[in-house]
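In full-length UniProt numbering, the protein residues as written are 1 to 91.
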Amino acid sequence: MAVSAKYDEFNHWWATEGDWVEEPNYRRNGMSGVQCVERNGKKLYVKRMTHHLFHSVRYPFGRPTIVREVAVIKELEWAGVIVPKIVLVKR
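The structure is reproduced here in structure tokens:
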């Protein structure tokens with residue numbers, strides 16, 4: 001899939017509202033939560049994370065939390081753990 005098509009698909013799902021399955025929390029100077037959204041017979045869980053940063057010695061100015069979460073999911077999958085399939089990510 002071309003980059004512009006993935007970008008359009010991301011925006012399509014990001015603009016779709018649904019029921020919160022993980023209520024939003026506001027910390028780390030940002031917001032994070034999960035919604036279950038449906039559109040055209042398809043269901044997707046959307047992790048909504050905006051301005052949500054983690055700080056460490058390596059990243060004293062902050063790094064998007066989603067980067068760390070995606071890395072952990074990929075490592076768990078590699079180790080044979082059943083994990084959610086990541087469909088789209090936009091940093």
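Just so it is clear, CB atoms sit at the ideal spot from N, CA and C, and this is done for glycine as well.
Judged by beta-carbon spacing, V34 lies within the 8 Å limit of E22, meaning their Cβ atoms are closer than that value.
When DSSP states are grouped into helix, strand and coil, K74 belongs to the helix group. Bridge pairing for R68: absent [DSSP].
Around the beta carbon of H52, a 10 Å sphere encloses 16 or more other beta carbons of the protein chains shown; the residue is thus reported as buried.
Shown here for T50: same chain residues with a beta carbon closer than 6 Å to its own, the five before and five after excluded, namely G30 and M31 in chain order.
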